[in-house]
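S.K.: For the record, the sequence lines run as chains V and H. Residues are numbered in the numbering used here as their position in the first sequence, beginning at 1, plus a constant of 6. Residues are numbered in the numbering used here as their position in the second sequence, beginning at 1, plus a constant of 107. In this text, a Cβ means the ideal position worked out from N, Cα and C, and glycines have one as well. Everything numeric in this text was worked out from a predicted model, so none of it was measured.
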Amino acid sequence: MHVSKSLKRLIFWELGIPISLLIIGIYHGLMQTIYRSGVIHESKMAHLDYYQGLTLHGVINAVVLTSFFAVAFGHATMAFYFKREPNKTVAWGSFWLMTTGTLLAAWAMLAGKASVLYTFYPPLKAHPFFYLGAALLIVGSWIPLFNWARMYVRWKRENATVKTPLAVLGTLVNFIIWFVCTLAVAYEVLVLLLPWAMGWKATVNVTLARTLFWFFGHALVYFWLLPAYIMFYTMLPKLAGGKLFSDLAGRIALFLFLLFSVPVGVHHQFSDPSITKGVKMFQGLLTFGVAIPSFITAFTLAASLEYAGRKRGAKGLLGYFGKLPYLDPSRFLFAYLISGLFLFIFGGLTGLVNASGQLNNVVHNTAWMPGHFHMTVAGPVFLGIIGMSTYLYSTLSGKKVFLPRINVIIPYLWVVGILIFSFGMSWGGLIGEPRRTNLGLTYLNPSHELFTPEWVPTTMLALMGGIIMTIAGLLFFIVFFGTMLSKRTTEGVLELPVSEALHDEKRIPLFDTFKPWLVTMGVILAVAYVPAFIDASKNPAEGAPRFLPDNPSPVENAAPVTKKTVTPAPLVSLNATR
Amino acid sequence: MSVMDRSEKRVIATTGALLSLFIFSILYARGRYNDLPECLPFNKAYTEPKVTRLDDKTYQVYAVAQMWQFQPAEIFIPVGSEVDFFVTSRDVVHGFNIYEKNVNLMAVFGNINKTTVKFDKPGVYKITCHEYCGVGHQNMQAQVVVNDPAAH
Ligand code: HEM
Ligand SMILES: [Cu+2]
Ligand SMILES: [Cu+2]
């Protein structure tokens, strides 16, 4: 399908900006594994402090890249299936809000004024531009939903009895989840944090802020994941040479995500004070509700791949795995998607551990966590994003993919890297290695009293994996930017692979309408979250003043040297056996 | 439902069985292993670090995290003691992780976190801050010394 220059340019920028920033993100990913393994014992390298870099790594890789991509991919999907382009002015307005927000936050982080990590828990205070930037990025990414909803309503009016295309349904579900969950973080940022950071409000309720953050934060992971799911359901079977086993299964899974992806955020707060056990248990059990759409997906995709393999002549129970187009450069997306799916098996299994209250006590905030989520967000999500970015760019621009044979092995290299990395991190987590820590300064420094030799092999494995991941990342940059720099060979068009359904069930109205699902979503949300917010408002005592990462005294007392500085109380060692 | 394939029905049944198994395990593990922390309303008394001996085998520790140390920095208790940890923070969010005992708490300003754990074996148990808390985060470790001969 032919699309306007404006839409092409929009999509190019929405892919190009985050992928350029990703260079910093990947660079510091490698650096983190170097610091952590004790190869260097420094607090900073090349003017970039460990925690400043970690903030950049989290914000760029997990927030900027993912949200820009979701918007770009959404525009492409909607235009492709509706054969109609989204409103230009609105789409570019969203782009400028997101870009401005990203630039503000990037400035604050690069200037070293926002080393608060991508979760920005108060009472650590960042520069107001960091919060403002985050808010603009988020609000900017809401706008396309309204743009697309209008297109959908119009299409539906003309096609009342036709099933909504699965990819469209997925995109709408994803952005509804995103809109609902970001309301909480927008409230956190604009009402709690920004006035407090500016000094207009003296204190902030830390637990309330954390609860609002995780209302957003868990759903965020589904916002990451659903574009990959859309690719798995609507493209992977076609790329494999087969059909989607069941179209209805995809719809059911998507609507279940609508129900289960938001009201479970408290599972990130199992170790928090002030939230009652009942609320934690309830949301913990609800978390397992996600197992249903996940198993539906696992089955449907495996069945689709089996169908494809058998069509290509596979025999036996699992023979179909041998017959898939793993290394076909003309179908490189298959390589990216199948690699992501493979990593997701381990991401899902480790996720089950995290979601179980007692086991979470073993792993919470240890290196296990980054071990887990590099097999999700840096697994299917990331591979889907980079594979689809190369695909969209090359088809839309009419340029051939640069180094096609290299391109098709990148995801496999990434898988090898991640498996080693995550094995090291998970093992480390099980023996107490903390995450978010510049281990090289103390715990992995043989001349420091805190030296912990048990963590040498674990951090070394993470380093080895990190090096392989970085090589795969570099190859991706070469392929992507190399494609950009090469000459156009044909006219650029918007084409997406489309899987036919093997079982194309007839339209069931319940699975082709949003209303009942939205109402149910609202009810579950209220039941799960009203008690959590009551706990978070009622149980904590006082709000906290502002703190900067380099000073134990609150901001109010910290500034001029002439003022009396508050010295922390001396270390006391108490011996109760006497 | 006729829209469903036979294998799909089997998968739904397997999912249901697995899900029940997961949920059963979680409920079964409650109380047998370290449970989720207790929820206590804030009380200023807990913000002064101390170790209190309730009886031979029962101790209370008021642990206070601050940038970048725990107080008390060393806690001495006899082997076999049951210890209630009450944890809070004077400033930013900190972590309180005794990995050998699966004690895993967040220390939060204006909030009290609580868990109970029994120290059956003598040894030195590290308490590691595992939430980023500023430039000195990687220095923040304390310890529980169980049956330290030097203490007698
Ligand atoms: C060369 C590739 C990469 C390497 C070597 C790498 C390495 C690491 C390491 C070692 C950590 C933990 C640092 C710590 O807790 O102290 C980390 C955290 C993280 N990584 Fe990566 N990573 C890479 C790519 C990615 C990608 C592609 C994504 C997402 C798309 C990602 C998302 C994250 C997130 C969200 C965190 C958590 C940040 C935080 O705790 O605040 N990483 N990474
Ligand atoms: Cu979650
Ligand atoms: Cu700390």
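Between threonine 61 (chain V) and ligand 1, is there a pair consisting of the residue's CB and a ligand heavy atom that are separated by less than 8 Å?
M.R.: Yes.
S.K.: May I ask you to check if the CB of histidine 378 (chain V) is nearer than 8 Å to at least one heavy atom of ligand 5?
M.R.: Of the ligands this structure carries, namely ligand 1, ligand 2 and ligand 3, none is ligand 5.
S.K.: Beta-carbon of serine 310 (chain V) versus every beta-carbon of chain H: anything under 9 Å?
M.R.: Not closer than 9 Å to any Cβ of chain H, the Cβ of serine 310 (chain V) fails to qualify, so no.
S.K.: Using beta-carbon positions only, say whether phenylalanine 379 (chain V) and isoleucine 25 (chain V) come within less than 9 Å of one another.
M.R.: No, the pair does not count as a contact, with Cβ atoms beyond the cut-off.
S.K.: Taking the C-alpha atoms as reference points, what is the distance between leucine 226 (chain V) and serine 432 (chain V)?
M.R.: Taking the straight line from one Cα to the other gives about 22 Å.
S.K.: Can you tell me whether DSSP reads glycine 83 (chain V) as helix, strand or coil?
M.R.: Correcting the residue type first, residue 83 (chain V) is threonine in the shown sequence and not glycine. Threonine 83 (chain V) falls in the helix class under three-state DSSP.
S.K.: Taking Cβ positions, are leucine 292 (chain V) and alanine 478 (chain V) nearer each other than 9 Å?
M.R.: Going by C-beta atoms, leucine 292 (chain V) is not nearer than 9 Å to alanine 478 (chain V).
S.K.: Does any residue of chain V have a CB that is nearer than 9 Å to the CB of lysine 92 (chain H)?
M.R.: Only positions 108 to 259 of chain H appear in this structure, which leaves residue 92 (chain H) out of reach.
S.K.: Looking only at DSSP bridge pairs, what is asparagine 180 (chain V) linked to?
M.R.: Answer by DSSP bridge pairing: none, since asparagine 180 (chain V) is not bridged.
S.K.: Can the beta-carbon of alanine 215 (chain V) be found less than 9 Å from the beta-carbon of proline 128 (chain V)?
M.R.: Yes, Cβ-Cβ distance for alanine 215 (chain V) and proline 128 (chain V) is below 9 Å.
S.K.: Examine chain V for any beta-carbon lying closer than 9 Å to the beta-carbon of alanine 136 (chain H), and answer yes or no.
M.R.: Alanine 136 (chain H) counts as touching chain V.
S.K.: Is it buried or exposed, asparagine 218 (chain H), if we count other Cβ atoms within 10 angstroms and call 16 or more buried?
M.R.: Burial call: buried.
S.K.: Determine the DSSP secondary structure at methionine 247 (chain H), reduced to helix, strand or coil.
M.R.: Coil, per DSSP.
S.K.: Measuring only between beta-carbons, confirm whether proline 325 (chain H) sits less than 9 Å from chain V.
M.R.: The question about residue 325 (chain H) has no answer here: the residues shown for chain H are numbered 108 through 259.
S.K.: Within the chosen definition, does the region 238–247 of chain H reach the region 194–210 of chain H through at least 3 CB pairs nearer than 8 Å?
M.R.: Yes, the region 238–247 of chain H is in contact with the region 194–210 of chain H.
S.K.: Residues of chain H with a CB under 7 Å from the CB of aspartate 518 (chain V): which are they?
M.R.: Under the 7 Å cutoff, chain H gives no residues; its nearest Cβ is about 14 Å from aspartate 518 (chain V).
S.K.: Specify the secondary structure class of leucine 226 (chain V) as computed by DSSP and reduced to three states.
M.R.: Helix at leucine 226 (chain V).
S.K.: Using 8 Å as the cut-off, classify the Cβ of glycine 271 (chain V) as near or not near the heavy atoms of ligand 2, replying yes or no.
M.R.: Result yes, Cβ under 8 Å from ligand 2.
S.K.: Below 9 Å between beta carbons: does that hold for glycine 4 (chain V) and phenylalanine 221 (chain V)?
M.R.: The question about residue 4 (chain V) has no answer, for chain V in this structure spans 7 to 584.
S.K.: Where do the N-terminal and C-terminal ends of the alpha helix (DSSP H) with glutamate 439 (chain V) fall, by residue?
M.R.: That residue, glutamate 439 (chain V), is in no alpha helix (DSSP H); it is neither H nor E in DSSP.
S.K.: Can you pull the chain H neighbours of glutamate 548 (chain V), defined as C-beta to C-beta under 7 Å?
M.R.: Per Cβ cutoff of 7 Å: Gly217.
S.K.: Is the closest heavy atom of ligand 1 to the C-beta of asparagine 246 (chain H) under 8 Å?
M.R.: False, no ligand heavy atom lies under 8 Å from that Cβ.
S.K.: Should cysteine 236 (chain H) be listed as close to ligand 3, given that the test is whether its C-beta is under 8 Å from any heavy atom?
M.R.: Yes, the beta carbon of cysteine 236 (chain H) sits closer than 8 Å to at least one heavy atom of ligand 3.
S.K.: Could you check where the alpha helix (DSSP H) with serine 100 (chain V) kicks off and where it finishes?
M.R.: Segment 94–116, the alpha helix (DSSP H) holding serine 100 (chain V).
S.K.: Put arginine 337 (chain V) into one of helix, strand or coil per three-state DSSP.
M.R.: Residue state, collapsed to three classes: helix.
S.K.: Quick check on alanine 538 (chain V) - is its C-beta less than 9 Å from some C-beta in chain H?
M.R.: It does not: the Cβ of alanine 538 (chain V) has no partner Cβ on chain H nearer than 9 Å.
S.K.: So with CB distances below 7 Å, who are the chain V contacts of tyrosine 232 (chain H)?
M.R.: Ordered by position in chain V, no residue passes the 7 Å Cβ test against tyrosine 232 (chain H), which lies about 10 Å from the chain.
S.K.: Quick one: give me the first and last residue of the beta strand (DSSP E) that lysine 544 (chain V) is part of.
M.R.: No beta strand (DSSP E) holds lysine 544 (chain V); the alpha helix (DSSP H) holding it covers 521–544.
S.K.: Under DSSP, the beta strand (DSSP E) around lysine 221 (chain H) begins and ends at which residues?
M.R.: Where lysine 221 (chain H) is concerned, the enclosing beta strand (DSSP E) stretches over 219–226.
S.K.: Going by DSSP in three states, glycine 248 (chain V) sits in which element: helix, strand or coil?
M.R.: Three-state DSSP puts glycine 248 (chain V) in coil, outside helix and strand.
S.K.: Residues of chain V with a CB under 8 Å from the CB of aspartate 162 (chain H): which are they?
M.R.: Residues of chain V passing the Cβ test: none, with the nearest at roughly 12 Å.
S.K.: In the region 188–212 of chain V, which residues sit with their C-beta less than 7 Å from some C-beta in chain H, listed in chain order?
M.R.: Here the close residues are Val212.
S.K.: Just to make sure I have the definition right: I need the residues of chain V whose C-beta is within less than 9 Å of the C-beta of aspartate 191 (chain H). Which are they?
M.R.: The contacting residues do not exist; aspartate 191 (chain H) stays about 12 Å from chain V at best.
S.K.: What does the alpha-carbon distance come out to for the pair phenylalanine 276 (chain V) and glycine 325 (chain V)?
M.R.: Distance between the alpha carbons of phenylalanine 276 (chain V) and glycine 325 (chain V): 43 Å.
S.K.: Given this structure, state the Cα-to-Cα distance separating phenylalanine 99 (chain H) from phenylalanine 226 (chain H), to the nearest angstrom.
M.R.: Examination of residue 99 (chain H) is not possible in this model, given that chain H is present from 108 through 259 alone.
S.K.: Can you name the residues of chain H whose CB is closer than 7 Å to the CB of histidine 47 (chain V)?
M.R.: Here the premise fails: no neighbours, minimum Cβ distance about 10 Å.
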